[in-house]
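First the structure, in the form of structure tokens, and then the observations on it.
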Amino acid sequence: MSSALLETEPLPSPASLLTTANRCPRPATMVGNTPVLWITEPLAPAGRGFWAKLEGANPGGMKDRPALHMVERAAARGELAPGAPIVESTSGTLGLGLALAGMVHRHPVTLVTDPGLEPLMRHMLAAYGARVEMVTEPHPTGGWQQARRDRVAELLAADPRAWCPDQYRNPDNRAAYESLAMELVAQLGRIDVLVCSVGTGGHSSGIARALRRYFPHLRLVGVDTVASTIFGQPAGPRLMRGLGSSIHPENVDYPAFDEIHWVAPAEAVWACRTLAATHHASGGWSVGAVALVAGWLARTGEPDARIAAVFPDGPLRYFDTVYNDAYCREHGLLGAAPTEPATIAHPYAAVVDSWTRCTTVLDPKPHHAAQTHRPEATRHEPRSTHQPDAMRHEPEAAQYARGTKHRPVSTREPDPAPHRLDPKPDHPEEAAVPTDDPTAPARPGATPGVAR
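With the first letter of the sequence shown counted as 1, position 60 gets the number 60 in full-length UniProt numbering; the numbers rise by one all the way through.
In structure tokens form, the structure reads like this:
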């Protein structure tokens, strides 16, 4: 190209370039404004798909948002004194966010975790300035999660100035996701279905509550792991971290959910690896489970439904688990692609050990309390301890992952309906006009394409 031609092309001024430059004057300003990515084949069929909100683009993942927000709100209310210690239980991701918040606002951070935390994550937390304390024995009924919480209580009792965010009950956890919801509105214009993993309950309830101010008919689909007690299943050993729980977090907004899915580790691994190979965007257990469910919703729902799925993190901390062939073979996680979920009519209808959905969503705490106070001889034991001889020498974790350990005696109830969502909108006269273009401009006021 000639120099004369170059001289005829006007150059943008540095000042105009600065108006669009993504400059971060402080570490906390790196959080937020994460991209969305269109996900289609093979997780969804050709011409269909869903939008993934890539929260792994934050420095430490999605929980950077609540970590900063909870610390800032506590300081504003006077609950967190200047320079006071922050103590919290974490399976990893919130710990990264609290390490960031502690550095930004000058608080020492102590994180209580358990042996399931990946060595890589432990090293990262220490590098970011947090003190990591590990419990060594699970609680007899509440598992590692309750053991961590008990240790947090001991540390708080030992230092009257120490403060705990208590992510499981803190309403600031939910409120922190208002910014994420507003980003989705700006990026997608219309959202019919929101798919979220559920652990503390913060992001599912916070995002859905904010989005329903714009889209009252929004469907919320929750994704849990097998052996999690959040939605009424019995708690058990879990390979997957970042979703699920052995307790009932108060931040879970049960009435907000239209449907729940339980996903097993092998199914999440398949989705994670498929995402990485086909879209160059993946993450950990939660990401795989959410992608699997969102792809199924795109495949079985109304073609014009606009689905948003929140991917909480990236793949970095999972290179020795989800993306490690030796680890996956040891735990029986390298199987065929999952196809369809089973369906149960009620969360207590069966103990699930593989991908299963349910459109009846209940708060399990009253049921759990009733079971706890029943005479010992009349309590229902949901899991059998019988194992086939061939399975007795298989690694225990592999048995849990494959569902061969503690498999329920009874089989699932027959599916009361086909494995697809009702394609009819709530108000047919307002139904959106189908389009094959996922990036088409939003149509304000359009009714969700998938019935509530």
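Here a beta-carbon is modelled for each residue, glycine too, at the ideal position from N, C-alpha and C. Quantities reported herein were computed from a predicted structural model and do not represent experimental measurements.
### Message
Once the 5 residues before and after arginine 148 are set aside, which same chain residues still bring their CB inside 7 Å of it?
### Response
Ser89, Val112, Thr113, Asp114 and Val135
### Query
Skipping 5 residues on each side, what residues in its chain have a beta carbon closer than 6 Å to that of arginine 151?
Val112 and Val135
### Query
If you follow the beta strand (DSSP E) that arginine 219 is part of, which residue opens it and which one closes it?
Taken as a continuous stretch (DSSP letters only), the beta strand (DSSP E) holding arginine 219 covers 219-225.
### Task
Please report how far the alpha carbon of aspartate 192 lies from the alpha carbon of glutamate 133, in whole angstroms.
42 Å
### Message
To test your reading of the DSSP string, which unbroken alpha helix (DSSP H) runs of 4 or more residues are found completely within the region 249-314?
### Response
Taking only runs of at least 4 residues, the alpha helix (DSSP H) segments lying wholly in the region 249-314 are 265-279 and 285-300.
### Task
Could you pull out every residue in the same chain whose Cβ sits closer than 6 Å to the Cβ of phenylalanine 257, ignoring the five residues on either side in sequence?
Leu220, Gly222 and Val361
### Query
Using the rule of at least 16 other Cβ atoms within 10 Å of the residue's Cβ for burial, across every protein chain shown, is asparagine 173 buried or exposed?
It counts as buried.
### Task
Taking 8 Å as the cut-off, decide whether the C-beta atoms of valine 104 and alanine 28 are in contact.
yes
### Task
Measuring alpha carbon to alpha carbon, tell me which of Glu183, Pro165 and Thr93 ends up nearest threonine 34.
Taking only the C-alpha atoms, the option nearest threonine 34 is Glu183.
### Query
Going straight from the alpha carbon of leucine 155 to that of valine 87, what length do you get?
Going by the C-alpha atoms only, they are around 8 Å apart.
#### Entry: Extent of the continuous alpha helix (DSSP H) run through methionine 70
64-77
#### Entry: Pick from Phe231, Ala81 and Leu37 that is closest to lysine 365, judged by C-alpha positions
Closest in alpha carbon position to lysine 365, among Phe231, Ala81 and Leu37, is Phe231.
### Query
How would you write the range of the beta strand (DSSP E) that residue 461 sits in, first residue to last?
Because the chain spans 1 through 452 in this model, residue 461 falls outside it and cannot be assessed.
#### Entry: Extent of the continuous beta strand (DSSP E) run through methionine 134
131-134
### Query
Using the beta-carbon count (16 or more within 10 Å), is leucine 239 buried or exposed?
buried
### Task
With DSSP as the reference, label glycine 41 as helix, strand or coil.
The question names glycine, yet the displayed sequence has glutamate at residue 41. Coil, per DSSP.
### Message
Applying the 10 Å Cβ sphere with the 16-neighbour rule, what's the burial state of asparagine 22?
### Response
exposed
### Under the three-state DSSP convention, the category serine 197 falls into
strand
### Message
If you measure between the beta carbons of alanine 162 and alanine 84, is that distance less than 8 Å?
### Response
The Cβ atoms of alanine 162 and alanine 84 lie closer than 8 Å to each other.
### Query
Considering arginine 209, what are the terminal residues of the alpha helix (DSSP H) in which it resides?
202-211
### Query
For tryptophan 296 versus proline 341, is the C-beta distance shorter than 8 Å?
yes
### Task
Identify the continuous beta strand (DSSP E) that holds alanine 52 and give its terminal residues.
50-54
### Task
With DSSP as the reference, please indicate the residues paired to valine 112 in a beta bridge.
Ser89 and Glu133
### Helix, strand or coil at arginine 329 according to DSSP, with G and I counted as helix
helix
### Query
In whole angstroms, what separates the C-alpha of tryptophan 327 from that of proline 303?
Inspection of the sequence shows that residue 327 is occupied by tyrosine rather than by tryptophan. Those two C-alpha atoms are separated by around 38 Å.
### Query
If you drop the 5 nearest sequence neighbours on each side, which residues of the same chain put their C-beta closer than 8 Å to that of proline 10?
none
### Residue interval of the alpha helix (DSSP H) (run including arginine 357)
Premise fails: arginine 357 lies in the beta strand (DSSP E), 356-358, not in any alpha helix (DSSP H).
### Query
Roughly how many angstroms separate the alpha carbons of alanine 305 and alanine 298, rounded to a whole number?
8 Å
### Beta-carbon contacts of methionine 30 that lie in its chain and below 6 Å, excluding the five residues immediately before and after
Cys24 and Pro59
### Query
Candidates Ala130, Ile307, Ala350 and Ala271: which alpha carbon is nearest arginine 48's?
Residue Ile307 holds the alpha-carbon nearest to the alpha-carbon of arginine 48 among Ala130, Ile307, Ala350 and Ala271.
#### Entry: Nearest neighbour of proline 347, chosen from Arg317, Pro234 and Pro255 [CA to CA]
Pro234
### Span separating the alpha-carbon of cysteine 196 from that of isoleucine 247
19 Å
### Message
Under 7 Å: does the beta carbon of alanine 175 sit that close to some heavy atom of the ligand ADP?
### Response
Summarising the ligand content, the structure contains no ligands, and the ligand ADP is consequently not present.
### Query
Since valine 36 sits in a beta bridge, which residues does DSSP pair it with?
Lys53
### Message
Relative to the C-alpha of glutamate 79, which candidate in Pro315, Ala208, Val290 and Asn170 has its C-alpha closest?
### Response
Asn170
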